[in-house]
Amino acid sequence: MVFYIAIGTHRSCAPQKPTSPSTPRPPQPVIEPQPEVLRNKHRIVVVGDSITQSGGQYGGYVWLLQRYLNFLYPQQPVEIISSGISGNTSTQLSERFKRDVLDQKPDLITINIGVNDVLQSFQTPTPARPNIPTPQEYRQNLTAMVQVATAKGIPVLLLSPTIIYEDLSSRENQRIAEYIAVMREVALQYRCQFIDLNFPFRHVIITYQRYGGQGQNLLTRDGIHPNIAGHQIIAYTILKGWGVPEPKIQSLKLND
Numbered sequence: 252m253v254f255y256i257a258i259g260t261h262r263s264c265a266p267q268k269p270t271s272p273s274t275p276r277p278p279q280p281v282i283e284p285q286p287e288v289l290r291n292k293h294r295i296v297v298v299g300d301s302i303t304q305s306g307g308q309y310g311g312y313v314w315l316l317q318r319y320l321n322f323l324y325p326q327q328p329v330e331i332i333s334s335g336i337s338g339n340t341s342t343q344l345s346e347r348f349k350r351d352v353l354d355q356k357p358d359l360i361t362i363n364i365g366v367n368d369v370l371q372s373f374q375t376p377t378p379a380r381p382n383i384p385t386p387q388e389y390r391q392n393l394t395a396m397v398q399v400a401t402a403k404g405i406p407v408l409l410l411s412p413t414i415i416y417e418d419l420s421s422r423e424n425q426r427i428a429e430y431i432a433v434m435r436e437v438a439l440q441y442r443c444q445f446i447d448l449n450f451p452f453r454h455v456i457i458t459y460q461r462y463g464g465q466g467q468n469l470l471t472r473d474g475i476h477p478n479i480a481g482h483q484i485i486a487y488t489i490l491k492g493w494g495v496p497e498p499k500i501q502s503l504k505l506n507d
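Just so you know, we're using the numbering used here here: the sequence shown kicks off at 252 and counts up by one.
Given below as structure tokens:
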């Protein structure tokens, strides 16, 4: 009888340690780059009249800008300081510009002024108020503020007045166009950014009134001061002007 012995490769009977797959790395948060206008800007002073003053309250455009920038760019914090005073004309704003704006050491300044200049231009001079604002004085005041800011290397954003009453054919709205043209010219002369806030207000109101009539205010509480919808338009327009992608702005909500 012949016996055959099979000779093969020796294998250990000890259990083999399974090779564990490499631990996956957690997803890295996507850090959105800031628009060029906002890079290295840590403090923005927003200055103006009662529209800016109310803009610092809940739902106001200053409040919205701060909330939205915190949400969009949490890794690049920006402080927004509101410096609006009710009733201010461009003359009064120019007089307090150093104390309330420059002394805050801003990296960027926004100026929204002109509504009270226009309103007072229709008033009769009195001993208490002998000087009625004119477009020429408005130009001088804007120029003085822009010059002193740019001399210090601080960029300025000029924000046009919005509207005066939601009757867009009113004499006030006809005159405000002159002041907006002056602001645009100052911006061009000194190479400042200019954002027209009057245009989107007029566009929305005209569209609404075509279908809903003129029986109620749409974007303001009293024809002048924006309501929440009006402040949202201002904030949206500024963010868009700063270069924030429009799809990102459209997705923003008050509770973000």
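Glycine is no exception: its CB is placed at the ideal position from the N, C-alpha and C atoms.
Under DSSP, the beta-bridge partners assigned to residue 445 are 409.
Leaving aside the five residues that flank residue 374 on each side, the residues in its chain whose CB is nearer than 8 Å to its CB run, in chain order, 380, 383.
When secondary structure is reduced to three states using DSSP, residue 333 falls in the strand class.
The shortest C-alpha to C-alpha distance from residue 478 to any of 361, 339, 417, 370 is the one to 417. Taking C-beta atoms as the reference points, residue 476 and residue 336 fail to come closer than 8 Å. In the DSSP assignment, residue 299 falls within the beta strand (DSSP E) that extends over 294-299. In this structure, 405 is the residue among 446, 434, 405 with its C-alpha nearest to the C-alpha of residue 359. Nearest to residue 482 by alpha-carbon distance, out of 293, 378, 309, is 309. In this structure residue 294 is in contact with residue 357, their Cβ atoms being roughly 5 Å apart against a cut-off of 8 Å. Residue 477 has 471 as its beta-bridge partners, per DSSP.
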